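Novice: Let me begin by handing over the structure; questions about it come next.
Number of protein chains: 2
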Amino acid sequence: MKWIAFLLVAVAMVAGIVVSAAPTNGPASEDAAAPIYGITIPPGYRDWRLISVAHEAGNLNDLRAILGNDVAIKAYREGTLPFPDGTIIARLAWSYVPSEENNKVFGRAQSFVPGSAADWYLQLMVKDSKKYAATGGWGFAQFDKDGKPADEAKHKTCYPCHEPAKASDFVFTHYAP
Amino acid sequence: MKWIAFLLVAVAMVAGIVVSAAPTNGPASEDAAAPIYGITIPPGYRDWRLISVAHEAGNLNDLRAILGNDVAIKAYREGTLPFPDGTIIARLAWSYVPSEENNKVFGRAQSFVPGSAADWYLQLMVKDSKKYAATGGWGFAQFDKDGKPADEAKHKTCYPCHEPAKASDFVFTHYAP
Numbered sequence: 005m006k007w008i009a010f011l012l013v014a015v016a017m018v019a020g021i022v023v024s025a026a027p028t029n030g031p032a033s034e035d036a037a038a039p040i041y042g043i044t045i046p047p048g049y050r051d052w053r054l055i056s057v058a059h060e061a062g063n064l065n066d067l068r069a070i071l072g073n074d075v076a077i078k079a080y081r082e083g084t085l086p087f088p089d090g091t092i093i094a095r096l097a098w099s100y101v102p103s104e105e106n107n108k109v110f111g112r113a114q115s116f117v118p119g120s121a122a123d124w125y126l127q128l129m130v131k132d133s134k135k136y137a138a139t140g141g142w143g144f145a146q147f148d149k150d151g152k153p154a155d156e157a158k159h160k161t162c163y164p165c166h167e168p169a170k171a172s173d174f175v176f177t178h179y180a181p
Numbered sequence: 005m006k007w008i009a010f011l012l013v014a015v016a017m018v019a020g021i022v023v024s025a026a027p028t029n030g031p032a033s034e035d036a037a038a039p040i041y042g043i044t045i046p047p048g049y050r051d052w053r054l055i056s057v058a059h060e061a062g063n064l065n066d067l068r069a070i071l072g073n074d075v076a077i078k079a080y081r082e083g084t085l086p087f088p089d090g091t092i093i094a095r096l097a098w099s100y101v102p103s104e105e106n107n108k109v110f111g112r113a114q115s116f117v118p119g120s121a122a123d124w125y126l127q128l129m130v131k132d133s134k135k136y137a138a139t140g141g142w143g144f145a146q147f148d149k150d151g152k153p154a155d156e157a158k159h160k161t162c163y164p165c166h167e168p169a170k171a172s173d174f175v176f177t178h179y180a181p
């Protein structure tokens with residue numbers, strides 16, 4: 005049965021090489037949970053459907069995409085408020101840079117595209133009305149481009165910042181038609 | 005068997021009501037094909053995965069999301085060039101408007117979000133190396149927010165504009181990590 009063991013090892017090695025050679029696709033799901041809310045990066049979030057896009061100028065100076073899991077997309081499209089338990093909204097951000105390549109074609113400086121992943125690449129809102137009852141039913145998490153969560157002090161700022169959006173269940177992003 | 009027929013009719017009616025009551029979600033797939041390349045709006049494109057986002061200033065003044073079908077996403081992630089036949093890339097655009105709601109929270113004017121669908125809401129690139137051999141293997145299409153295609157003159161401008169991006173198979177958009 006030695007050849008079977010050999011075959012399994014060979015297959016595992018090839019699989020390992022394939023995985024390590026895959027292009028980076030955002031931070032991987034890590035065991036590291038964000039403080040306070042205990043949220044980890046949900047696998048496959050980069051495959052989620054689009055809710056909207058935005059540009060934040062000022063210090064953030066980013067271009068961002070807001071994606072949602074199936075529960076989030078269904079709620080947005082049906083106008084369900086408050087969002088149901090199980091909703092996860094993911095905000096991805098990249099640095100806001102001019103595209104020399106596009107500007108050459110347009111004949112003027114007008115095109116802005118994502119550069120590298122922003123320092124705080126990934127923000128998450130997770131709906132669990134019981135677990136997160138003290139913060140409007142939402143848990144919040146923020147990760148850098150390597151999947152490392154922000155510290156507790158940073159996470160304490162999430163809910164107070166979202167409180168003004170109470171009328172839309174503490175969510176700022178509207179669905180882009 | 006009359007009651008079965010009645011039941012079927014009732015179910016069809018309810019289904020019809022549900023469909024017609026669904027929120028608008030971009031222009032529907034219409035029979036109207038865009039000129040020159042004969043492209044129609046692919047069903048479900050609003051559910052496709054995200055390639056990237058961008059802001060075009062100047063006359064366009066929009067925020068845009070670039071989505072891809074499964075063939076497109078696979079090719080982007082694996083760095084496959086030229087893109088394989090069956091690739092479809094969809095560019096959605098919305099007017100670029102300040103968000104008063106977000107700016108109040110940030111305490112300054114820095115937040116820009118999608119307003120209404122842009123005049124030319126949807127642009128498509130469809131790869132078919134045989135059918136579209138004369139234009140780099142790509143067919144192009146442009147639709148307004150009601151799903152009406154642009155005219156022939158407009159479609160004649162697509163390929164010349166994309167020619168400078170020959171090194172990336174005539175595609176401007178890079179994958180946002």
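Residue numbers (this note's numbering), protein chains in the order written: chain P, 5 to 181; chain Y, 5 to 181. From the three backbone atoms N, C-alpha and C, an ideal C-beta is built for every residue, glycine too. None of these values were measured; they are calculated from a predicted model.
For P:L71, count neighbouring C-beta atoms within 10 Å of its own C-beta (all shown protein chains included) and say buried if the count is 16 or more, exposed if not.
Specialist: So P:L71 counts as buried.
Novice: Specify whether the stretch 129–148 of chain P and the stretch 156–171 of chain P touch according to this definition: at least 3 beta carbon pairs, one from each stretch, less than 8 angstroms apart.
Specialist: Verdict: yes, contact present.
Novice: Does the distance from the C-beta atom of P:I43 to that of P:L96 stay below 8 angstroms?
Specialist: Against a cut-off of 8 angstroms, the Cβ pair of P:L96 and P:I43 comes out as no contact.
Novice: Within the stretch 54–142 of chain Y, note down every full beta strand (DSSP E) run reaching 3 residues or more, in order along the chain.
Specialist: The qualifying runs are 66–72, 92–102 and 115–131.
Novice: Given that a residue counts as buried once 16 or more other Cβ atoms are within 10 Å of its Cβ, and exposed if not, what is Y:N63?
Specialist: Y:N63 should be labelled exposed.
Novice: Measuring only the C-alpha atoms, how far is Y:S133 from Y:P47?
Specialist: Cα to Cα, Y:S133 sits roughly 22 angstroms from Y:P47.
Novice: Below 8 angstroms between beta carbons: does that hold for P:F87 and P:V175?
Specialist: Contact flag set, yes.
Novice: Check the Cβ-Cβ distances between P:S133 and every residue of chain Y, and say whether any is below 8 angstroms.
Specialist: By this cut-off, P:S133 is not an interface position.
Novice: When you compare the CB of P:P88 with every CB in chain Y, is at least one pair closer than 8 angstroms?
Specialist: It does not; no Cβ of chain Y falls within 8 angstroms.
Novice: Interface residues of chain Y around P:P168 at Cβ under 9 angstroms?
Specialist: Result: E105, K108 and V109.
Novice: Kindly list, in the order they appear in chain A, the residues whose Cβ is closer than 9 angstroms to that of P:W98.
Specialist: No chain A is present in this structure, whose protein chains are P and Y.
Novice: Mind checking Y:E167: buried by the 16 CB within 10 Å criterion, or exposed?
Specialist: Exposed, because fewer than 16 other Cβ atoms sit within 10 Å of the Cβ of Y:E167.
Novice: With a CB to CB cut of under 6 angstroms and the five nearest residues on each side skipped, what residues in its chain are close to P:A69?
Specialist: For P:A69, where only same-chain residues beyond five positions count, the Cβ hits under 6 angstroms are V57 and L96.
Novice: Can the beta-carbon of P:A36 be found closer than 8 angstroms to that of P:P153?
Specialist: In this structure, P:P153 lies closer than 8 angstroms to P:A36 by Cβ.
Novice: Just confirm the distance between the C-beta atoms of Y:A122 and Y:D66, as a whole number of angstroms; I'd bet it's less than 8 angstroms.
Specialist: Their Cβ separation, rounded to whole angstroms, is 5 angstroms, which keeps Y:A122 and Y:D66 in contact under 8 angstroms.
Novice: Just the chain P side, please: which residues come within less than 7 angstroms of Y:T127 by C-beta, in chain order?
Specialist: Residue identity check: residue 127 of chain Y is Gln in the sequence provided, not Thr. What Y:Q127 touches in chain P: nothing, since even the nearest Cβ is about 14 angstroms away.
Novice: Count the other C-beta atoms from every protein chain shown that fall within 10 angstroms of the C-beta of P:G140, then say buried if there are 16 or more, exposed otherwise.
Specialist: Its Cβ being crowded by 16 or more others within 10 Å, P:G140 is buried.
Novice: Quick one: does Y:Q114 have its CB under 8 angstroms from some CB of chain P?
Specialist: Closer than 8 angstroms: yes.
Novice: Is there a C-beta anywhere in chain Y that falls below 8 angstroms from the one on P:C162?
Specialist: P:C162 does not count as touching chain Y.
Novice: Taking the alpha-carbon positions, what's the Y:Y100 to Y:G119 distance?
Specialist: Computed Cα separation, rounded: 6 angstroms.
Novice: Do P:I40 and P:I93 have their beta-carbon atoms positioned less than 8 angstroms apart in this structure?
Specialist: No, the pair does not count as a contact, with Cβ atoms beyond the cut-off.
Novice: Around the Cβ of P:A180, are there at least 16 other Cβ atoms within 10 angstroms (buried) or fewer (exposed)?
Specialist: The residue is buried, with at least 16 neighbouring Cβ atoms inside 10 Å.
Novice: My output table needs one value for Y:P153: the three-state DSSP class, helix, strand or coil.
Specialist: Here Y:P153 sits in strand by DSSP.
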